[in-house]
Amino acid sequence: MAESPAGLTSQNWNPTQDQQQPTATPEQLIAKSIAPVKPQFLRPPTSRTSQNDITSSTVSDSNNDISKSNNTNTTSVVAKEKKSKRQLKRERQQEKKSSVNLCPELAKTGDVNSCPYKNNCRFNHDLEAFKAQKPEDLVGECPFVNGEGSCCPYGLACRFYGTHKVHDGVRNGKKQISEINGLNKDVQKLLWKNKMKFLKADSVLKSLGLTGPGKSKVKKVNEEEVEKVVDDNDSHGTNENGCGDGGSESAGKSDCAAEVLVGGDVDGALTDEVRPLKKAKSAVEVNGCSGEEVNGSGIPEKDIENNCPLETEPELVADKLEVIADSVETDGSLKLHPREKKLIDFRGKLYLAPLTTVGNLPFRRVCKALGADVTCGEMAMCTNLLQGQASEWALLRRHSSEDLFGVQICGAYPDTVTRTVELIDQECTVDFIDINMGCPIDIVVNKGAGSSLLTKPMRMKSIIEATSGTVEKPITVKVRTGYFEGKNRIDSLIVDIGKWGASAVTIHGRTRQQRYSKLADWDYIYQCARKAPDSLQVLGNGDVFSYVDWNNHKSDCPELSSCMIARGALIKPWIFTEIKEQRHWDISSGERLNILKDYVRSGLEHWGSDTKGVETTRHFLLEWLSYTCRYVPVGLLDVIPQRLNWRPPSYYGRDDLETLMASDSAADWVRISEMLLGKVPDAFTFAPKHKSNAYDRAENG
Numbered sequence: 001m002a003e004s005p006a007g008l009t010s011q012n013w014n015p016t017q018d019q020q021q022p023t024a025t026p027e028q029l030i031a032k033s034i035a036p037v038k039p040q041f042l043r044p045p046t047s048r049t050s051q052n053d054i055t056s057s058t059v060s061d062s063n064n065d066i067s068k069s070n071n072t073n074t075t076s077v078v079a080k081e082k083k084s085k086r087q088l089k090r091e092r093q094q095e096k097k098s099s100v101n102l103c104p105e106l107a108k109t110g111d112v113n114s115c116p117y118k119n120n121c122r123f124n125h126d127l128e129a130f131k132a133q134k135p136e137d138l139v140g141e142c143p144f145v146n147g148e149g150s151c152c153p154y155g156l157a158c159r160f161y162g163t164h165k166v167h168d169g170v171r172n173g174k175k176q177i178s179e180i181n182g183l184n185k186d187v188q189k190l191l192w193k194n195k196m197k198f199l200k201a202d203s204v205l206k207s208l209g210l211t212g213p214g215k216s217k218v219k220k221v222n223e224e225e226v227e228k229v230v231d232d233n234d235s236h237g238t239n240e241n242g243c244g245d246g247g248s249e250s251a252g253k254s255d256c257a258a259e260v261l262v263g264g265d266v267d268g269a270l271t272d273e274v275r276p277l278k279k280a281k282s283a284v285e286v287n288g289c290s291g292e293e294v295n296g297s298g299i300p301e302k303d304i305e306n307n308c309p310l311e312t313e314p315e316l317v318a319d320k321l322e323v324i325a326d327s328v329e330t331d332g333s334l335k336l337h338p339r340e341k342k343l344i345d346f347r348g349k350l351y352l353a354p355l356t357t358v359g360n361l362p363f364r365r366v367c368k369a370l371g372a373d374v375t376c377g378e379m380a381m382c383t384n385l386l387q388g389q390a391s392e393w394a395l396l397r398r399h400s401s402e403d404l405f406g407v408q409i410c411g412a413y414p415d416t417v418t419r420t421v422e423l424i425d426q427e428c429t430v431d432f433i434d435i436n437m438g439c440p441i442d443i444v445v446n447k448g449a450g451s452s453l454l455t456k457p458m459r460m461k462s463i464i465e466a467t468s469g470t471v472e473k474p475i476t477v478k479v480r481t482g483y484f485e486g487k488n489r490i491d492s493l494i495v496d497i498g499k500w501g502a503s504a505v506t507i508h509g510r511t512r513q514q515r516y517s518k519l520a521d522w523d524y525i526y527q528c529a530r531k532a533p534d535s536l537q538v539l540g541n542g543d544v545f546s547y548v549d550w551n552n553h554k555s556d557c558p559e560l561s562s563c564m565i566a567r568g569a570l571i572k573p574w575i576f577t578e579i580k581e582q583r584h585w586d587i588s589s590g591e592r593l594n595i596l597k598d599y600v601r602s603g604l605e606h607w608g609s610d611t612k613g614v615e616t617t618r619h620f621l622l623e624w625l626s627y628t629c630r631y632v633p634v635g636l637l638d639v640i641p642q643r644l645n646w647r648p649p650s651y652y653g654r655d656d657l658e659t660l661m662a663s664d665s666a667a668d669w670v671r672i673s674e675m676l677l678g679k680v681p682d683a684f685t686f687a688p689k690h691k692s693n694a695y696d697r698a699e700n701g
C-alpha cells in the first residue's frame with residue numbers, strides 16, 4: 001500500500017508509483033457520484049476504520065498516530081457523570097481564579113494595583129504564576145498592532161506579546177472599532193427582567209387579532225403602563241459569557257466578571273408580558289470586575305476596551321423608548337404600504353447564505369474579500385434573543401466590510417418573531433431581516449419553527465404580515481420546497497407570500513425530509529419564480545458550485561433574481577471570484593493557505609489574541625476544514641467543473657500541502673491548524689459539529 005507523501009517533495013515524488021489503475025471511466029464514476037480524478041493522482045484508500053471514530057480521537061503533541069488515537073477513543077467510552085448547574089457554575093468560578101485567567105485590567109497595565117476591585121475581583125492577580133504557565137508566543141504579528149500606533153487590548157495575555165510596540169510609553173491599549181450590532185447593557189438588563197416594551201410590535205399584533213386569549217402565549221399589553229415610571233435599583237451581573245460571542249461563536253470573552261449596577265427612572269420600559277425569563281443573579285454573584293462599557297452608539301465597548309466598567313446611562317434607553325412611544329399611532333394602524341418600505345435589489349448579486357457554525361463573522365470577511373456582495377449572519381433563535389442571551393446576540397454582529405448585511409432569525413409564533421424584529425430594528429444596524437422557515441434540524445422543527453412552518457400556512461401568514469408591518473426594513477423569507485418528499489407546496493403559496501409583505505423569498509430546492517440528500521430541484525424553483533408577483537424577488541438555493549451552475553440557473557429562468565450560495569462557499573469560498581471573473585480557478589495550495597491565514601487573522605481580531613481566543617479560532621478553523629477537504633483541484637480532474645454531490649476519492653495532490661488539504665482525517669486538519677496557530681493543548685480533541693463528510697446528513701439551516 002502506498003504511503004502518504006508527507007515526507008516527499010514535489011521533485012522526488014512520482015504520483016504514478018504504486019498506484020492502482022482505475023477500472024471505471026470518468027462517465028461511470030460520475031454516474032456513481034465519484035469525482036473523476038486523473039489516474040496518475042489516485043491513491044489506495046487508507047485503512048482507517050471510520051471517519052466518525054477518527055474525528056473524535058484525541059490528538060496529542062507527542063503522538064499523532066491515527067490508529068492509536070482511534071483505539072484509545074473506542075476503548076474509553078465511559079458514561080460521564082452529569083453535573084448540576086450549580087456544580088458547573090462553581091467550576092467556572094474556580095477556573096477564573098486559576099493562574100490561566102489573568103485579570104484583564106492587570107494584563108493591560110502590568111500593575112497589580114490597577115484593578116479597582118482588588119481582592120474582590122473574580123480573576124487571578126498572581127502575575128508571576130500567569131507568566132509561568134503561559135504558552136510561548138506564536139510566530140507572527142499581533143493582529144491588533146499596525147503601523148498607525150494602535151495597541152493590543154489583551155496586553156500580557158496576548159499570544160503575540162513579544163511583537164507589541166511601545167507608543168508614547170503605552171504598550172497596550174484599546175481595541176479599534178470594526179464590529180457593530182452589540183447588545184446595549186441597559187437593554188440586556190430589561191430583557192433579563194422581562195421589562196422591555198414592544199410598542200410597535202404589540203400594536204400590529206393587536207390590529208391583526210394576534211393577541212388575546214388563545215391567540216398568544218404573551219399577555220395583552222396594558223396601554224396604561226406606557227406612562228409608568230419605575231425606580232429600579234436591583235443588581236444584576238453579566239451572564240457567564242459576558243456580552244461577547246457565543247453559540248457558534250460561543251467562546252466570546254467575558255473579560256471581567258462583575259458589573260457596576262445602576263438605577264434610574266425608565267419611562268415606558270415595563271410590561272406585563274410573560275416570556276421565558278433570564279434568571280436574575282444575586283448581588284453576591286456580581287461582585288468583581290466587568291468588561292462591559294456602553295458608548296453613545298449602543299455598541300458594547302467590551303470589544304473596544306476590556307476594561308473595568310464605567311457607570312452606564314439607562315436614561316439613553318428611556319429616551320429611546322419614549323421616542324418610540326410618541327410615534328405609536330393610537331389606532332394601531334402601523335402597517336406600511338409595500339411601496340413605502342425600503343427595498344433591496346438582489347438581482348445579480350452574489351449572496352452568501354447564512355450558515356450555522358461556520359458562517360461566522362471571520363468567514364464572512366473572507367468571502368467578502370473574495371467577491372461576495374450580500375452577507376447574512378448565522379440563524380439566531382428569537383426566544384434566546386428576547387431573553388438577552390449574549391451568545392445569541394453575538395450572531396448578529398456585523399463587520400464594517402459587510403456593506404449589504406442581513407440577519408436571520410427563527411421562531412415559531414407571530415408574537416415572538418415580531419417582537420424580535422422590532423428589537424433588532426431598534427438595536428442593530430442591518431439592511432434586511434430574514435425569517436427562516438426551512439431549517440430541517442430536529443430540535444428546531446420539534447418546537448414548531450423552521451421547516452415545521454411549511455405545514456402551517458396560516459401561521460406563516462401571521463408571522464410575515466406582523467413583521468413586515470412592524471418595521472420599515474425589508475423582510476425576507478427562506479423556505480424549502482415542502483415538508484414531505486414528493487409533496488411540494490411553495491408554488492401554491494408564492495403569490496400569497498408576496499401579498500403578506502415579504503420583499504424576497506429564497507427557495508432551497510429540497511424538502512425537509514430530504515435534508516441534503518439528492519440534488520436540488522431547480523425546475524421546481526423556476527416554476528415558483530415564474531408564478532411569483534413582480535413585487536416579490538425569488539432567489540434559488542441548492543448545489544451552486546461553479547460559475548457554470550450560476551450561469552445556467554440565470555439563463556434557464558430570467559425571472560430568478562439571484563442564487564444563494566451555501567455549501568459551495570464552505571468548500572471553496574473563491575467561488576465568488578470564479579463567478580465574477582467567469583473562470584475555473586485552478587487555485588494552488590499556497591493560495592489556499594493564504595486564505596486560511598486571512599481567516600485566522602480575522603478570527604484573532606474577532607475572538608481575541610489571548611489563549612482563549614486562539615483556541616476558539618482554532619476550533620472554528622477546524623470546523624471549516626471539515627468542509628474544505630472535499631474540494632478537488634481543477635488540474636486533477638478529468639471532467640470539470642466539480643459537482644457538489646461528487647465524493648472525492650483518495651488522491652495525492654501536486655505537492656505535500658495539497659495532499660494534506662485533501663485529507664478527510666481530523667488529525668491532518670489539526671496539523672494544518674498547527675501551521676497557523678501553533679501546537680494544540682495537551683489532550684486536545686475535536687469532532688466536527690456537522691459531520692460534513694456524511695453528505696446527506698449536513699444540517700445547515
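Under the UniProt record's numbering, the first residue of the sequence shown is numbered 1, with each subsequent residue one higher. Using N, Cα and C, we set each Cβ at its ideal position, and we do this for glycine too.
Beta-carbon proximity of residue i to residue j, cut-off 9 Å
| i | j | result |
| --- | --- | --- |
| N446 | Q408 | no |
| P26 | V639 | yes |
| F686 | A666 | yes |
| K131 | L156 | yes |
| G438 | V479 | yes |
| L621 | S673 | yes |
| R43 | Y651 | yes |
| T577 | L370 | yes |
| E402 | R459 | no |
| D425 | V471 | yes |
| S503 | P474 | yes |
| I575 | V544 | yes |
| C428 | N181 | yes |
Exposure of residue i, with buried meaning 16 or more beta-carbon neighbours within 10 Å
| i | result |
| --- | --- |
| F198 | buried |
| D682 | exposed |
| D345 | exposed |
| G573 | Per the sequence shown, the amino acid found at residue 573 is Pro instead of Gly. By the 10 Å Cβ count, P573 comes out buried. |
| L88 | exposed |
| D378 | Correcting the residue identity first, residue 378 is Glu in this sequence and not Asp. Classification of E378: buried, given that the 10 Å Cβ count is 16 or more. |
| L637 | buried |
| I507 | buried |
| N443 | Here residue 443 is Ile; the residue named in the question, Asn, does not match the sequence. I443 should be labelled exposed. |
| E128 | exposed |
| K487 | exposed |
Run of the alpha helix (DSSP H) containing residue i, from where it starts to where it stops
| i | result |
| --- | --- |
| H164 | First-last for H164: undefined, no H or E at that position. |
| G590 | 589 to 607 |
| I490 | 490 to 500 |
| V579 | First, the amino acid is wrong: residue 579 is Ile here, not Val. Counting along the chain, the alpha helix (DSSP H) containing I579 begins and ends at 575 to 581. |
| H553 | 547 to 556 |
Three-state secondary structure assigned by DSSP to residue i
| i | result |
| --- | --- |
| N146 | coil |
| W522 | helix |
| F620 | helix |
| residue 706 | Outside the displayed range of the chain (1 to 701) lies residue 706, so it cannot be described from this structure. |
| M381 | strand |
| G450 | helix |
| C152 | strand |
| E615 | helix |
| F686 | coil |
| L673 | The sequence shown places Ser at residue 673, rather than the Leu named in the question. Helix at S673. |
| D137 | coil |
| Y351 | strand |
| T506 | strand |
| T375 | strand |
Span of the beta strand (DSSP E) around residue i
| i | result |
| --- | --- |
| G540 | 537 to 541 |
| T476 | 475 to 480 |
Beta carbon proximity, residue i to chain C, threshold 9 Å
| i | result |
| --- | --- |
| E485 | Among the chains of the structure shown, chain C does not appear; only one protein chain is present. |
Would you say the segment 524 to 543 touches the segment 563 to 578, given that touching needs at least three Cβ pairs under 8 Å?
-> yes
How about the segment 457 to 468 and the segment 414 to 423: do they share at least three Cβ pairs that are nearer than 8 Å?
-> yes
Cβ contact (3+ pairs, closer than 8 Å) linking the segment 137 to 146 and the segment 388 to 401 | no
At least 3 beta-carbon pairs within less than 8 Å: the segment 579 to 594 vs the segment 513 to 532 = no
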